[in-house]
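Below you'll find the structure, written out as structure tokens, and then a few comments.
Okay, here's the thing in structure tokens:
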């Protein structure tokens with residue numbers, strides 16, 4: 114009776130956790146920690162196992178991959194890989210194929226979001242020079258980053274989790290390229306379909322092809338204080354207050370004799386010769402010109418102000434998301450928020466009360482020597498290409514060498530994957546390739562989520578709750594061909610993943626699918642592979658995976674665009690994936 118009682122309790126905890134993940138009102142890592150805390154209080158997880166997740170090889174492997182991936186990104190090698198393909202990037206199809214293939218290949222060996230983020234600025238620059246709409250290029254890149262992760266065991270956290278889970282059913286962990294038998298043909302077919310399908314999306318080049326700065330030009334003005342000074346005492350506060358509460362001007366920056374001051378404090382006095390960047394409606398600006406005797410600056414005078422704009426995307430790791438006063442936080446770091454593009458709409462008014470979201474494109478005004486500090490501090494992705502060194506030094510090759518050495522050591526059985534990757538991180542640290550970045554490179558919410566859910570998932574299996582769900586699936590598939598069970602495992606995982614973190618989906622569905630396989634004599638490997646594919650293929654919404662969110666704003670996509678392209682791709686994965694798994698692992 115105690116086992117039955119425990120099964121009910123742990124099932125309720127998982128159901129409540131599912132609601133928490135799906136509503137997205139609480140951070141996913143906090144939901145996972147709440148599930149662990151509740152399980153501890155109810156005695157479902159022994160206190161001695163509360164922190165066992167932090168010692169699990171899965172957590173070590175995922176964290177090490179994040180660090181090495183970020184080191185490879187900083188080396189510039191991936192951006193340099195574009196050079197041989199420049200002559201093929203003159204037309205829309207060529208650009209889409211080159212960037213999508215590079216994204217897919219890179220995502221097989223490094224963090225998929227990191228690979229996409231690294232290539233995104235170069236893709237946008239190529240679109241502008243070739244006069245191609247980004248909406249035809251960025252979605253294939255995002256989907257390729259997900260499909261590329263299917264090829265290797267380190268391509269995505271779900272693969273790492275399932276590789277270790279295989280040990281619980283009498284097998285060795287999946288090898289580095291065991292996933293490639295299914296993942297590689299699926300990735301190639303998915304890429305071809307995506308490049309074809311995006312041609313049916315609206316071009317939107319007329320608005321989204323231009324930088325955000327030029328799409329809000331009607332709100333931005335450069336004013337000059339004449340040499341004789343203003344007609345009355347003038348401060349940032351008095352200039353901003355010209356239009357009253359409803360029509361205040363926003364003062365973003367001041368050019369004072371070649372020295373740029375961004376996000377100036379309200380009490381700062383405006384002096385003769387100052388060039389001021391303001392944002393507001395034209396009639397209010399005209400009032401300011403008359404009241405203080407200001408002049409419109411000439412094009413030659415506002416070069417410093419014009420060169421101080423940067424466009425960037427808010428990543429899911431940014432603490433600006435839903436912040437009560439993002440404007441003030443940015444101002445403390447010398448950056449002024451000028452405009453926001455969200456879901457293809459440009460917002461230049463009411464920014465003080467706007468809650469920022471992941472995927473928003475921001476137009477910031479910040480001094481050039483502080484732009485890197487701002488983007489790094491707030492985890493923003495700049496949409497302009499960064500300068501590329503003319504040649505790679507030996508040190509630039511070290512991160513890639515560390516990754517390849519770890520793969521070789523794990524593939525030959527010299528040591529486990531987690532140990533090999535940890536040694537790779539240590540080597541990079543000793544050679545100075547990590548510096549102060551190492552702790553910033555780790556996506557700590559994912560690490561906490563994994564560490565918290567691993568002991569809870571273990572309790573779920575031991576309580577018999579997992580067996581009960583597996584029996585239900587088995588009863589439906591009993592007596593039917595094994596492809597039915599494989600398709601069910603794949604389809605169910607794809608269905609729950611949009612409401613969960615993909616790692617959480619695997620921790621729940623992996624043991625259930627394996628048990629259902631044992632009950633129906635379907636190979637456990639086939640069921641685990643189905644869960645791996647299903648957890649990494651979320652194409653239907655822009656919020657289901659970070660890669661989709663990252664291209665949502667820069668591509669000018671609407672929410673429904675992802676479903677239009679993602680629905681046939683999801684069907685392809687479900688049908689072709691089931692066939693491939695049945696053939697190679699059945």
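Residue numbers (our numbering): 114 to 699. Even for Gly, the Cβ is constructed at its ideal location relative to N, Cα and C.
* Asked: Are the Cβ atoms of residue 624 and residue 574 separated by less than 8 Å?
  -> yes
* Asked: Is residue 557 buried or exposed, if buried means 16 or more other CB atoms sit within 10 Å of its CB?
  -> exposed
* Asked: If we call anything under 8 Å between Cβ atoms a contact, is residue 655 one with residue 306?
  -> no
* Under a three-way DSSP split, which group does residue 658 fall into? -> coil
* To do: To the nearest angstrom, report how far apart residue 523 and residue 450 are at their CA atoms.
  => 47 Å
* **the segment 198 to 207 in contact with the segment 174 to 181 per 3-pair CB rule at 8 Å** => no
* So, residue 490 versus residue 436, is the Cβ gap smaller than 8 Å? -> no
* To do: Report the partner residues of residue 368 according to the DSSP bridge assignment.
  => 373, 388
* Can you give the beta carbon distance from residue 123 to residue 578, rounded, assuming they're within the 8 Å contact cut? -> 5 Å
* To do: Apply the 10 Å Cβ neighbour rule to residue 345 and answer buried if 16 or more other Cβ atoms are within range, or exposed otherwise.
  => exposed
* To do: Tell me, please, whether the segment 161 to 168 touches the segment 211 to 224 by the rule of three or more beta-carbon pairs shorter than 8 Å.
  => no
* Which term fits residue 482, buried or exposed, when burial requires 16 or more other beta carbons within 10 angstroms of its beta carbon? -> exposed
* Along the alpha helix (DSSP H) that carries residue 558, what are the first and last residues, could you check? => 557 to 576
* Count the other CB atoms within 10 Å of the CB of residue 693; is the residue buried (16 or more) or exposed (fewer)? -> buried
* Asked: Which first and last residues belong to the alpha helix (DSSP H) in which residue 530 is found?
  -> 530 to 543
* Select from 338, 373, 430 the residue whose C-alpha is nearest the C-alpha of residue 404. => 338
* To do: Can you check the segment 150 to 233 for any alpha helix (DSSP H) of at least 4 residues that lies completely inside it and give the ranges in chain order?
  => 170 to 188, 190 to 193, 205 to 220
* **Validate contact between the segment 656 to 668 and the segment 277 to 294 using beta carbons, cut 8 Å, 3 pairs** => no
* Roughly how many angstroms separate the alpha carbons of residue 329 and residue 452, rounded to a whole number? -> Confidence at residue 329 is low in this model, with a pLDDT of 49, below 50, so its placement is unreliable and the value that follows should be read with caution. Each residue's Cα considered, the two are about 8 Å apart.
* Asked: For the alpha helix (DSSP H) that contains residue 424, what are its first and last residues?
  -> Residue 424 -> not in any alpha helix (DSSP H); beta strand (DSSP E) instead, spanning 422 to 427.
* Collapsed DSSP secondary structure at residue 337 in the structure displayed -> strand
* State the beta-bridge partners of residue 348 as determined by DSSP. => 382
* How would you call residue 249, buried or exposed, if buried means at least 16 neighbouring beta carbons within 10 angstroms? -> buried
* Asked: Buried or exposed: which applies to residue 594, given that a residue is buried once 16 or more other Cβ atoms fall within 10 Å of its Cβ?
  -> exposed
* Please classify residue 525: is it buried, with 16 or more other beta-carbons within 10 angstroms of its beta-carbon, or exposed? => exposed
* Give every residue of the same chain whose Cβ lies closer than 7 Å to the Cβ of residue 603, excluding the five residues on either side of it in the sequence, and list them in chain order. => 643, 646, 647, 687, 690, 691
* Please confirm if the segment 130 to 137 is in contact with the segment 607 to 622, defined as three or more CB-CB distances below 8 Å between the two stretches. => yes
* Can you check DSSP and say which residues form a bridge with residue 493? => 427
* Tell me which same chain residues have a C-beta within less than 7 Å of the C-beta of residue 237, skipping the five on either side of it? -> 247, 496, 667
* Asked: Among the residues of its own chain, which have a CB less than 7 Å from the CB of residue 216, if the five just before and after it don't count?
  -> 228, 229, 232, 254, 257, 258, 261
* Starting from residue 479, follow its DSSP beta bridges and name the residues at the other end. => 448
* **Under the three-state DSSP convention, the category residue 437 falls into** => coil
* Asked: Around the C-beta of residue 521, are 16 or more other C-beta atoms found within 10 angstroms, so that it is buried, or is it exposed?
  -> exposed
* Helix, strand or coil: how does DSSP classify residue 409 here? -> strand
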